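A short worksheet on the structure shown next.
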Amino acid sequence: MGFRCAACDGPGARLDAGRRAALCARCEHPTRSGRDPVRLGDILTATGDALTFATRTAAAAPGSATCHECGSTAERHRTAHGRWILIEPGALAAAAVPVGHRWRIAGDGTAIGLRSAAPSGTCRISHLDVCPARPAPAHSPALHAVWRRNARQGV
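Remember, my numbering sits 3 above the position in the sequence shown when you count from 1.
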């Protein structure tokens, strides 16, 4: 049983160990330009993958962003689950921030929610917890103080 050519999908191909593919006699020799033949489907797939990667990489860059609700500037970071979150600049004492509202920024820029933290440690907070366009947080004096500061700044 003969092989089908990996380059043109034609019949009568034989295995070419150097190229690790089955090629027919016409495709076995390099073209006049000196390049190996390439199937259009392979080019389109590789090009699509490269464009998708480039788009994700450009969109995945952490940096400064503006809150759509109050117009304040905060730091944009991707979470470990692939979502985006605005992180308030600066750090607070972890003991003053309620569990579930503590964040840490990893070395690669990923925002990681902290379940627990050392009492002497610091953490970051989400901008949405202290956004002046939202109701004041009543469950934490530290978050309420940051919310008041943001509201006074007129952001």
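All C-beta atoms, glycine included, are put in the ideal place defined by N, C-alpha and C. The structure presented is a predicted model; accordingly, all values stated were derived computationally and were not measured.
Report the rounded CA-to-CA distance for Cys126 versus Pro101, giving the unit in angstroms. Numbered from its first residue, the sequence shown carries residue 126 at position 123. Numbered from its first residue, the sequence shown carries residue 101 at position 98. Rounded to the nearest angstrom, the two C-alpha atoms are 11 angstroms apart.
By the DSSP assignment, the beta strand (DSSP E) with Ala68 in it spans what residues? For the purposes of this step, residue 68 is taken as the residue at position 65 of the sequence shown. From DSSP, the beta strand (DSSP E) with Ala68 extends over Gly66 to Thr69.
Local conformation of Glu78 per DSSP, three classes: Translated into positions along the sequence shown, residue 78 becomes position 75. The three-state secondary structure of Glu78, taken from DSSP, is strand.
Decide yes or no for the touch test of the stretch 87 to 96 against the stretch 105 to 115: beta carbon pairs closer than 8 angstroms, at least 3 of them. yes
Span of the alpha helix (DSSP H), counted from its first residue to its last, around Arg29: To locate residue 29, count along the sequence shown from 1; it is residue 26. Arg29 -> alpha helix (DSSP H) spans Ala28 to Glu31.
Per-residue DSSP class, three states only, for Arg155: Numbered from 1 along the sequence shown, position 152 holds the residue referred to as residue 155. Here Arg155 sits in helix by DSSP.
Between Asp132 and Pro138, what straight-line distance do the alpha-carbon atoms span, to the nearest angstrom? Taking the first residue of the sequence shown as position 1, residue 132 is located at position 129. Taking the first residue of the sequence shown as position 1, residue 138 is located at position 135. Straight-line Cα distance between these residues: approximately 9 angstroms.
For Ala96 and Ser130, believed in contact at Cβ under 8 angstroms, the rounded distance: Here residue 130 refers to the residue found at position 127 of the sequence shown. Here residue 96 refers to the residue found at position 93 of the sequence shown. This sequence places His at residue 130; Ser is not what is there. About 18 angstroms; that fails the 8 angstroms criterion.
For Gly116, report the span of its beta strand (DSSP E) as first-last. As a first step, residue 116 must be located in the sequence shown, where it is residue number 113. Per DSSP, the continuous beta strand (DSSP E) segment holding Gly116 begins and ends at Ala114 to Gly116.
Candidates Ala28, Ala83 and Ala25, of which the one nearest Thr113 by Cα: Here the question's residue 113 lines up with position 110 in the sequence shown. Per the Cα distances, Ala83.
Can you tell me the Cα-Cα spacing of Gly15 and Arg79, whole angstroms? As a position in the sequence shown, residue 15 is number 12, starting the count at 1. As a position in the sequence shown, residue 79 is number 76, starting the count at 1. Roughly 57 angstroms between the two C-alpha positions.
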